[in-house]
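If you read the sequence shown in the UniProt record's numbering, its first letter stands for residue 1, the second for the next number, and so on. For glycine and all other residues, C-beta sits at the position ideal for the given N, C-alpha and C.
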Amino acid sequence: MAGVRRRDRRGRGVRGPLTPPQAPVSRTRAERFDDLVDDEVRRLGLRWGRELARVAFSVEEVPKVEPWFDGPVPLGATVPGDGKGSVRIVVYRRPVEARASGDAERARLIRDLLVEEVADLLGLSPESVDPSYDSPDD
């Protein structure tokens, strides 16, 4: 018998998944992070859809920095288009997760980061992009 043998102790059958795949608990941390970014992008798109039509949003694990880099690790970046492609706003998952102490703070960091990047891209203040933006100076 070629194949994978699964252990069936005590004759109760092979153990299956504990939760259905559509349940929130079965999503990975990276998938939940992507969902937070998607929700925020959708929220910003409701107000700034026309201005953000040629902007691509993405999530990457960590930023590419030189080994001699000595400074704060960026949480996100705006990557200019090459003439053909669109501008890309990137959120770095690991640095955001390392800086946030919980789910609420992670969601707030993502919101503030995207608002700041969009504001910088559009040449506006973060408060005009999103009136609920909390300035870090406050």
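- Within the model, the alpha-carbon separation for D134 versus E127 is close to 8 angstroms.
- With respect to the 9 angstroms criterion, R99 and L109 are classified as neighbours on the basis of their beta carbons.
- Between E60 and V90, the C-beta spacing is below 9 angstroms.
- The beta carbons of V118 and V37 sit no closer together than 9 angstroms.
- Annotated three-state conformation of E60 is strand, per DSSP.
- Collapsing the DSSP output to three states places R50 in coil.
- Between E51 and L122, the gap from beta carbon to beta carbon is short of 9 angstroms.
- Assigned with DSSP and collapsed to three states, V37 falls in helix.
- R88: not part of any alpha helix (DSSP H); member of the beta strand (DSSP E) spanning 87 to 92, first to last residue.
- One alpha carbon belongs to L124, the other to S132, and they sit about 15 angstroms apart.
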